[in-house]
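Report on the following structure.
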Amino acid sequence: MEGLANALSSLSHTASTTRINAGKGGCPVYLFEEKYNVCSRSDNKASEETVRFLRHFKSVVWLTYRKNFFPIQPPLGYTSDTGWGCMLRSAQMILAEALQRHLGGKWRYIQEEVEDEETMVITAEHRKLLRWFIDAPKFFSFYSIHRMSECGRRYGKNAGEWYGPTTVAWVLRDLVEAHRILKKETKESEEFVLLSGGQQQLTMLVADQGTIYVDDVRNLCEVENNRQTGKKENDATELEGNDPLLRPGVLPVWSTALFLLIPVRLGLNYINPDYIPALLKILKFPQCVGMIGGKPSHSLFFIGSQDTRLLYLDPHTVHDAATNENCEDTSFPDKENITTYHCNDPKLMAASEIDPSLAIGFYCKSVGDFMDLRGRIGQLEGPVFLSVMDKKPSYDFDDPEEGEDAEGEEEDDDEWYDIS
Numbered sequence: 165m166e167g168l169a170n171a172l173s174s175l176s177h178t179a180s181t182t183r184i185n186a187g188k189g190g191c192p193v194y195l196f197e198e199k200y201n202v203c204s205r206s207d208n209k210a211s212e213e214t215v216r217f218l219r220h221f222k223s224v225v226w227l228t229y230r231k232n233f234f235p236i237q238p239p240l241g242y243t244s245d246t247g248w249g250c251m252l253r254s255a256q257m258i259l260a261e262a263l264q265r266h267l268g269g270k271w272r273y274i275q276e277e278v279e280d281e282e283t284m285v286i287t288a289e290h291r292k293l294l295r296w297f298i299d300a301p302k303f304f305s306f307y308s309i310h311r312m313s314e315c316g317r318r319y320g321k322n323a324g325e326w327y328g329p330t331t332v333a334w335v336l337r338d339l340v341e342a343h344r345i346l347k348k349e350t351k352e353s354e355e356f357v358l359l360s361g362g363q364q365q366l367t368m369l370v371a372d373q374g375t376i377y378v379d380d381v382r383n384l385c386e387v388e389n390n391r392q393t394g395k396k397e398n399d400a401t402e403l404e405g406n407d408p409l410l411r412p413g414v415l416p417v418w419s420t421a422l423f424l425l426i427p428v429r430l431g432l433n434y435i436n437p438d439y440i441p442a443l444l445k446i447l448k449f450p451q452c453v454g455m456i457g458g459k460p461s462h463s464l465f466f467i468g469s470q471d472t473r474l475l476y477l478d479p480h481t482v483h484d485a486a487t488n489e490n491c492e493d494t495s496f497p498d499k500e501n502i503t504t505y506h507c508n509d510p511k512l513m514a515a516s517e518i519d520p521s522l523a524i525g526f527y528c529k530s531v532g533d534f535m536d537l538r539g540r541i542g543q544l545e546g547p548v549f550l551s552v553m554d555k556k557p558s559y560d561f562d563d564p565e566e567g568e569d570a571e572g573e574e575e576d577d578d579e580w581y582d583i584s
């Protein structure tokens, strides 16, 4: 662990990258919602709190540029995404964090010492998760650069072109949905087992323009699953079962967890400094799985903060891609190359330096998680850039009374999602 602690004092990457303040008077470091009082010791060894922080940091999946992979989109034939794939890699990382929570909660890497050398202990479950991101046109590589590039063509993007946060959000949504459908159709395949997260599947919602609509969440997490089991939306029994008046205090049960990605723009050419306090607070929400953004044509994955600086993972490192032999080996990635999927190099940059265009991710396992998230968003101070509304507004001006009852009051069938 002493070697890991040295990472805190060896950051010298770019002018805007700064060191974590590990002095006695330093500010605490937040990694997602976890708080760490990282500090130095007189003997120059890592404190227990520093070890805990570094173990957590290294547990976050790190996905970077790869070279020498199977060609993408012949005749273009890209065999590396160096120089153009950083937003795709950042998107892979935020999805990997959501999947990691869905599959096993707060996983931490474990190290074992063999002849005074530390090696990483890899669980079978974690290895399967990483295999989903292997860059190869293989059936199990659901979130490879190949799948993302192919899906990007639906949105007018070819391999070699740079993506923005909004486009990459829709690409992720399509791939998660495809994985969910494939899992349903191939229940016996070991490659799909983990997506269910026990008995629960995972679905994804892109909430554009910073607004989350409860109706959209319900349609994905409740209605859609009822439809899949043969129940109709207007089934009287189903409606009665979800009616808070007939069953007070009973929350609806989600049969799928939710990965929520919200593209926002917090300024024109530069981020509006008035948004920064709320942004830093959002990163500490227990549901938050990070933010993707960075600078123009230089995407990063933000996972925490120290004071007004953002902690991030940088995809701008080039590693070798998996070979065909690696892909066929179910023990890959192994101890020899697992370090290319986990970083021990914490980096910070000033929040005021990031591009105003970014996407914020949340993972909600249940309706209770979503209600808690709604409450936290509602309590944010300062200018509002995230909001939760019951329904999308109606722009039908021909019937101004549509959607109102006889008393002229709007109907509200979402009482159990109401935090007031």
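Just add 164 to the spot in the sequence shown (first one is 1) and you have our numbering.
Idealized CB from N, CA, C, for every residue including glycine.
Query	Result
Residue 388, DSSP secondary structure in three states	With a pLDDT of only 45 at residue 388, under 50, the local geometry of the prediction cannot be trusted, and the value read off the model is given with reservation. Helix, per DSSP.
Exposed unless 16 or more other CB atoms sit within 10 angstroms - verdict on residue 184	buried
The region 523 to 538 / the region 237 to 248 touching (three or more Cβ pairs under 8 Å)	no
Expected contact under 8 Å - CB spacing of residue 515 and residue 329 to nearest Å	With 8 Å as the limit, residue 515 and residue 329 do not qualify as a contact, their Cβ atoms being about 16 Å apart.
Residue 220 - containing alpha helix (DSSP H), residue span	212 to 223
Alpha helix (DSSP H) runs contained entirely in the region 481 to 559, provided each spans 4 or more residues	488 to 492, 531 to 542
Cross-strand partners of residue 287 (DSSP beta bridge)	Paired residue(s): none; residue 287 is not in a bridge.
Residue 468 - partner residues in DSSP beta bridges	195, 475
Nearest-angstrom beta carbon gap, residue 297 and residue 256 [assumed within contact, 8 Å]	6 Å
Nearest to residue 335 (by Cα), restricted to the options 315, 324, 381, 323	315
In chain order, each alpha helix (DSSP H) run of at least 4 residues that lies wholly inside the region 301 to 349	309 to 316, 329 to 349
Residue 423 versus 539, 452, 550, residue with shortest Cα-Cα distance	452
Neighbour-count burial assignment, residue 474, 16 or more Cβ in a 10 Å radius	buried
Buried versus exposed call for residue 417 [16 or more other C-beta atoms within 10 Å across all chains shown]	exposed
Euclidean distance between Cα positions of residue 541 and residue 552	8 Å
Cut-off 7 Å between Cβ atoms - residues of its own chain near residue 573, not counting five sequence neighbours on either side	Here the model assigns residue 573 a pLDDT of 44, short of 50, so the residue's position is not dependable and the matter cannot be decided.
Residue range of the unbroken beta strand (DSSP E) whose run includes residue 365	365 to 370
Other residues of its chain near residue 333: CB distance less than 6 Å, five sequence neighbours each side excluded	370, 425, 427, 523
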